[in-house]
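Residue numbers (my numbering), protein chains in the order written: chain Z, 1 to 303; chain U, 304 to 606.
There are 2 protein chains.
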Amino acid sequence: MDKKVLVTGGSGLVGTYLKDIMPSAIYVSSKDFNLLREDEVKKMFKEIQPNIVIHLAALVGGVHHNIEEPVRYFEENIIMNTFVLKESFNNKVERFTGILSSCIYPDSVTTYPIKEDKLLEGAPHENLFSYSYAKRCLAIQIDMYNKKYNTKYNYLIPCNLYGEFDKFDPIKGHFVGALIEKIIHAKKNKNNSITLFGDGTPYRQFMHAKDVAKLINKMILTDKFYNINIATEENYTVDRIAKIALRVCDAENFQINYDKNKPNGQMRKDIEISKLKKYFPDFQPIKLEDGIKQIFNKRIASI
Amino acid sequence: MDKKVLVTGGSGLVGTYLKDIMPSAIYVSSKDFNLLREDEVKKMFKEIQPNIVIHLAALVGGVHHNIEEPVRYFEENIIMNTFVLKESFNNKVERFTGILSSCIYPDSVTTYPIKEDKLLEGAPHENLFSYSYAKRCLAIQIDMYNKKYNTKYNYLIPCNLYGEFDKFDPIKGHFVGALIEKIIHAKKNKNNSITLFGDGTPYRQFMHAKDVAKLINKMILTDKFYNINIATEENYTVDRIAKIALRVCDAENFQINYDKNKPNGQMRKDIEISKLKKYFPDFQPIKLEDGIKQIFNKRIASI
């Protein structure tokens, strides 16, 4: 490919997989440029002169940190997104892709799974409110550029992600990473049970971060820059996901305790993927059980 | 008053009235500081060192210009708001007030008049979408500061405004200003009719910009920094407003033609003001007919 691709947030969950799949792209992280400073963003574009920008950089964190830092999650994301998008346009970038998150959708909609056109119908869930609203604004900003300048900028809205490069913290981590970590801890301590928050009934939809990287690569190779949800069809209850994880981690006999004093969070938030299937019909996502097994094996081998 | 008050957007519709009412405040406009540049915003705070900030500055314009420039209306407003709010906090400003607009509310809600708690229930009307969404974000940002830092920052959400310092352009101006101008033009040309867009049936709620200035002054004097709608109870159809204007402008016999090929816009968007009445019970807004008459007389005298 003769186009120069710039990937921001290059050392994150998706960026790390993307490096393997698209080694010719240029990956920048906060060590290279501070995207909260307009002068540094301008400098980045002047130095790199990309044709395509994949904007993965964001202030991201777990629910706890989001609730602690509502100002930072809004301001830093909105500033970073605005500067990177604006300088992409000023530097004649041909394709810009923002990677959003299904948490930008309204907390509740009338019909599930959630379609792309439901984006503005209500407020996002309170747990990640600031982050979600700033990310939703990036969708709006991209729409405005396309409307005003006929650019072909777009955004992908993935469901919850997991992967090897996630934060493996039993408290602060994302659900799948934390779940694997809890199983490993239990095994180490010869404990035959794990404890999860809530009662296990909410539905969750997880995609392997490597699949997001694969889709970004496909999108660039086929020049299919659309605004679409990306997810798998595996929308399972927390309890079912935990049982899958126990099975593939050789812990089938473990007991799952539910701490019902902790909130369930949203009961469902699965997103609809007919557009994904239409535009990328040959895309085969990694099955949840295979993804969990592979990560578990790597974690076990590394400790 | 011993507090130093900084007013941004000091030369605008509300700012100009505020200068008369609060002459001791410091008024800045884009000629003094470019609020789109973080370094200039920092410089402004360093030089002025305010205790209270009334943030009126915004990229504001009519429907036509909003539709033409969706990127600018979003980006410039979000950048300006973020920098001014952030530096207010960094400089230990005790009170910050954002002046928003009722266009930030959802295009349609289930019950009218619109209460303050409906803000996030849906997307704003498409005509002023970018402007509205950026302004709505300022409400969110202020909420986040209060949540995180226990600040007493607030926002006022006024209905449509009119005043002497409005744009008096029969095409690009806001409705009341344009209406007065059409009557003056018709008189000059010995023409006994005026033409309005749509069919005259949509309801509109107008407040004199001087009343907003008075309320800002009251708010500061009484230290009542609440998030409230501000409007009058005069919610009238376009046809009724036009007839009021014709009567007080000595043009009662003029005919009103409706250009039904032009859109009506939203059928109603009146906002609920029980909080305004609770916190400022002695506030008496200027009656629409008195406001129009006064502006008409000044315009006639000046041409």
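From the three backbone atoms N, C-alpha and C, an ideal C-beta is built for every residue, glycine too.
Residues of chain Z whose Cβ lies closer than 9 Å to the Cβ of U/Cys440 are, in chain order, Phe74, Ile78, Tyr133, Ala134, Cys137. Contact of U/Met447 with chain Z by beta-carbon distance below 7 Å involves Pro70, Val71, Phe74, Ser130. Under the 9 Å criterion on CB atoms, Z/Ile140 is classed as interfacial with respect to chain U. Counting only the Cα atoms, U/Leu549 lies some 21 Å from U/Ala512. The alpha-carbon separation between U/Asn520 and U/Phe348 amounts to approximately 21 Å. Z/Val238 and Z/Ser101 have their C-alpha atoms roughly 19 Å apart. Think of a sphere of 7 Å around the beta carbon of Z/Lys218: no beta carbon from chain U falls inside it, the nearest being about 29 Å out. For U/Ile351, same chain residues with a beta-carbon under 6 Å away, outside a window of 5 residues either side, are Leu309, Ile329 in chain order. In the three-state scheme derived from DSSP, where H, G and I count as helix and E and B as strand, Z/Pro158 is classed as strand. For U/Gln558, there is no enclosing alpha helix (DSSP H); the enclosing beta strand (DSSP E) has its first and last residue at 558–562.
Separation of Z/Phe96 and Z/Val41 (C-alpha to C-alpha, rounded to the nearest whole angstrom) is 15 Å. When beta bridges are read from the DSSP output, Z/His185 appears opposite no residue. At a cut-off of 3 residues, the continuous stretches assigned as beta strand (DSSP E) that sit fully inside the region 312–395 of chain U are 329–331, 355–358. The beta carbon of Z/Thr111 does not come within 9 Å of any beta carbon belonging to chain U, so the residue lies off that interface. In this structure, U/Lys572 lies near U/His428, with their beta-carbon atoms less than 9 Å apart. Under DSSP, no beta-bridge partner is assigned to Z/Asn191. In this structure, the beta-carbon distance from Z/Lys260 to Z/Asp199 falls below 9 Å. The three-state secondary structure of Z/Arg299, taken from DSSP, is helix.
When DSSP reads this structure, Z/Gly98 sits in a beta bridge with Z/His55, Z/Tyr155.
Burial is judged here by how many other beta carbons sit within 10 angstroms of a residue's own beta carbon; U/Pro373 has at least 16 and is buried.
Residues of the region 116–127 of chain Z with a C-beta less than 7 Å from any C-beta of chain U: Leu120, Glu121, Gly122, Ala123, listed in chain order. Assignment of U/Met510 by DSSP, reduced to helix, strand and coil, places it in the strand class. Taking a cut-off of 8 Å on C-beta distances, the region 435–450 of chain U does not touch the region 489–497 of chain U, as fewer than three cross pairs fall below it.
The C-beta of Z/Glu38 comes closer than 9 Å to at least one C-beta of chain U. For the 9 Å CB-CB criterion, U/Gln558 and U/Ile497 form a contact.
In the structure shown, Z/Asn127 adopts helical secondary structure according to DSSP, grouped into three states. Closest by C-alpha distance to U/Asp469, out of U/Leu316, U/Lys307, U/Gly312, is U/Leu316. In the three-state reduction of the DSSP assignment, U/Leu499 falls in the strand class, which pools E and B. Here U/Tyr539 carries a strand assignment [DSSP, helix/strand/coil]. When the alpha-carbon of Z/Ile180 is set against those of Z/Tyr149, Z/Ile295, Z/Phe89, Z/Gly15, the nearest one is in Z/Ile295. DSSP places U/Val310 within a strand segment (E or B) once states are collapsed to three. Just so you know, the alpha carbons of Z/Gly163 and Z/Leu276 end up roughly 21 Å apart.
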